[in-house]
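Following: one structure in structure tokens, then a few remarks.
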Amino acid sequence: RPDDVLSGLRAVADLAPPVPAAVTRLAQGLFDEESGTVTDPLAPDREAAPTAYPAVAGAAVATAPEGAGSA
């Protein structure tokens, strides 16, 4: 997260940019009062994504030419 990186650089190296960061974090996960943790804001996307990708038909494993990499 750019704002966190800039904060770290300011604390460690006393680096302060001449202008405010152009990119800032707009949101993070919601606070779950039951568990006392911040929820994962990307969880809905992960649940909707396929768990495995099908193998590509005819895919081959690349190999190095014989003797490559040896002196």
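Residue numbering for the sequence shown follows my numbering, beginning at 6 and increasing consecutively.
Don't be surprised by glycine CBs; every beta carbon is placed ideally from N, CA and C.
These numbers come from a predicted model, not from an experiment.
Under the three-state DSSP convention, the category residue i falls into
i          : result
residue 9  : helix
residue 17 : helix
Close beta carbons around residue i, own chain, < 7 Å, minus the five adjacent residues each side
i          : result
residue 20 : 14
residue 22 : 11
Per DSSP, cross-strand counterpart(s) of residue i
i          : result
residue 43 : 36
Enclosing alpha helix (DSSP H) for residue i [first to last residue]
i          : result
residue 50 : 48-53
8 Å CB neighbourhood of residue i in its chain, flanking five on each side removed
i          : result
residue 37 : 43 and 44
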